[in-house]
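The structure under discussion appears below in the form of structure tokens.
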Amino acid sequence: MTTMRRRSLVNWAVIGAALLGVLAGCAASAPRATAVTEGVTRVELGAVKALAVSDGQGSRPLDASFVRNAPLADVQADLKAAGLPTDRLDVPYTALVVDVGGQRVLFDTGNGEFGGPGAGKLIDNLRGAGVTPESVTAVVISHFHGDHINGLRNKAGQVVFPNAKIYVPAPEWGWWMDEARYAATPEASRGGLNTARRVFGPLATSVIRFEPGQQVLPGVRSIAAFGHTPGHTVFMIEGGSRKLLYWADTTNVAMFARHPEWAVVFDMDAEMARATRHRIAELALSENALVAGFHLTRPGVGTLTRRGQGYDFTPLK
Ligand SMILES: [Zn+2]
Numbered sequence: 154m155t156t157m158r159r160r161s162l163v164n165w166a167v168i169g170a171a172l173l174g175v176l177a178g179c180a181a182s183a184p185r186a187t188a189v190t191e192g193v194t195r196v197e198l199g200a201v202k203a204l205a206v207s208d209g210q211g212s213r214p215l216d217a218s219f220v221r222n223a224p225l226a227d228v229q230a231d232l233k234a235a236g237l238p239t240d241r242l243d244v245p246y247t248a249l250v251v252d253v254g255g256q257r258v259l260f261d262t263g264n265g266e267f268g269g270p271g272a273g274k275l276i277d278n279l280r281g282a283g284v285t286p287e288s289v290t291a292v293v294i295s296h297f298h299g300d301h302i303n304g305l306r307n308k309a310g311q312v313v314f315p316n317a318k319i320y321v322p323a324p325e326w327g328w329w330m331d332e333a334r335y336a337a338t339p340e341a342s343r344g345g346l347n348t349a350r351r352v353f354g355p356l357a358t359s360v361i362r363f364e365p366g367q368q369v370l371p372g373v374r375s376i377a378a379f380g381h382t383p384g385h386t387v388f389m390i391e392g393g394s395r396k397l398l399y400w401a402d403t404t405n406v407a408m409f410a411r412h413p414e415w416a417v418v419f420d421m422d423a424e425m426a427r428a429t430r431h432r433i434a435e436l437a438l439s440e441n442a443l444v445a446g447f448h449l450t451r452p453g454v455g456t457l458t459r460r461g462q463g464y465d466f467t468p469l470k
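Written as structure tokens, this is what we have:
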């Protein structure tokens with residue numbers, strides 16, 4: 154091969170790589186988000202289509218107990234800088250419905266008939282967007298806290314998504330459904346254990362338990378993200394024009410992305426949750442994934458950028 158020929162090959166390789174970079178850049182900067190209704194936002198990612206579906210929100214007075222390791226004044230200063238109220242905390246609930254790999258997958262089910270005032274709007278919002286519960290073919294659960302699982306079964310005992318296979322992280326099942334733990338826990342402290350039993354007890358033989366790290370469904374890769382709960386798991390949704398990471402409760406509200414060191418009162422193992430928060434945020438950045446979180450700022454799907462020691466979550470508009 155002559156030097157000239159080799160050089161021209163090299164040039165073509167450089168041009169090709171640059172072109173791919175430009176194309177990737179376009180895809181990265183232009184995810185489309187459309188408000189379908191007040192509670193539902195559609196995100197088109199080519200072959201993958203996602204709906205961020207609000208289950209309403211909770212509201213709590215802000216006191217020193219919410220962030221366990223930061224002074225209340227620092228928390229209030231952060232909220233003020235973000236343009237948010239400083240006397241209370243509004244915590245959105247946003248589940249995700251994704252059409253991927255021939256399935257319609259619901260990630261977490263919301264509060265159902267068991268939440269506080271302002272919660273439990275998932276089904277009405279789904280129907281408002283023209284999505285029936287019957288059309289959901291898979292329900293994938295991130296962890297067993299009530300706001301994520303209570304919507305699976307109503308007060309009458311019926312499964313709300315009758316045609317869906319249900320997938321749960323095996324370590325999460327193992328922790329919450331463990332009989333010895335139940336027996337050793339005083340009745341007054343059994344709230345979460347009772348919730349898990351109400352929802353999953355009658356489904357013990359049909360629920361599919363997967364090991365975090367496994368491919369759960371085509372286009373849905375699970376990733377261990379323990380700490381918030383013992384088996385908390387997140388999901389990389391692949392096959393569209395851009396990856397989408399459903400990170401569930403890796404953070405509570407977006408403030409905990411800005412301050413990944415801060416520990417929300419709900420993290421069962423604060424130290425592990427903190428390390429997980431950094432690892433999962435870095436994963437989103439390294440794979441250039443959009444991020445969806447159950448308690449993130451509406452519509453609950455957006456982009457992540459690095460800022461100082463933490464991250465900024467910017468909701469899609
Ligand atoms: Zn939650």
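Counted the way my numbering counts, the sequence shown spans residues 154 to 470. A virtual CB, placed ideally from N, CA and C, is assigned to each residue, including glycine. Here the structure is a predicted model, which means the values were calculated and not measured.
Taking C-beta separations shorter than 8 Å and ignoring five residues to either side along the sequence, the partners of V313 in its chain run T262, G265, I276, P286, G304, L305, R306 and N307, following chain order. Within a 10 Å sphere around the beta-carbon of N316 sit fewer than 16 other beta-carbons, which makes this residue exposed. Residue selection by CB proximity (closer than 6 Å to any heavy atom of ligand 1) returns H298, D300, H301, D402, F447 and H448 in chain order. With a contact defined as Cβ atoms closer than 8 Å, N405 and V244 qualify at about 7 Å.
When the beta-carbon positions are compared, R460 and R430 stay at least 8 Å from each other. Between the beta-carbon of A200 and that of T194 there is about 19 Å, and that puts the pair past the 8 Å contact cut. According to DSSP, D216 shares a beta bridge with no other residue. Take A426, set aside five residues on each side of it, and the residues of its chain with a beta-carbon closer than 6 Å to its own are G380, H381 and D420, in chain order. Here DSSP, grouped into helix, strand and coil, assigns W326 to helix. If you keep only unbroken alpha helix (DSSP H) runs of at least 4 residues inside the segment 265-308, you get 275-281 and 299-302. When the five nearest sequence neighbours on each side are left out, the beta carbons in the same chain lying within less than 7 Å of the beta carbon of G446 are those of W400, A401, T403, T404 and G453, in order along the chain. Taking the C-beta atoms as reference points, V360 is found no nearer than 8 Å to I302.
Within the same chain, R257 come within 7 Å of S288 by CB-CB distance, once the 5 residues on both sides are set aside.
Measuring C-alpha to C-alpha distances from A442 to each of G463, A333, T450 and T467 identifies T467 as the nearest. Take A416, set aside five residues on each side of it, and the residues of its chain with a beta-carbon closer than 8 Å to its own are V220, R221, N222, A423, A426 and R427, in chain order.
For a cut-off of 8 Å, the C-beta gap from G211 to G299 is around 11 Å, too long to register as a contact. For T187, the enclosing beta strand (DSSP E) stretches over residues R185 to T190. Closest in C-alpha terms to A437, from the list D465, F353, A341 and L249, comes D465. Distance from the CA of L204 to the CA of T190, rounded to the nearest whole angstrom, comes to 11 Å.
Excluding its 5 nearest sequence neighbours in each direction, G463 has C-beta neighbours in its own chain below 7 Å: A410, R411, H412 and P413, listed in chain order. In the assembly as shown, A217 is an exposed residue. Its beta-carbon has fewer than 16 other beta-carbons within 10 Å. Per DSSP, the beta-bridge partners of V250 are L204 and L259. Going by C-alpha positions, P224 is about 42 Å away from D252.
S439 is classed as exposed because its beta carbon has fewer than 16 other beta carbons within 10 Å across all chains shown. Distances from the CA of R451 to each of S342, A333 and A248 were compared; the closest alpha carbon is that of A248. In the DSSP assignment, the residues bridged to E197 are R185 and K202. The beta carbon of V292 sits closer than 6 Å to those of L259, F314, A317 and I319, all from its chain and outside the five residues before and after it, given in chain order.
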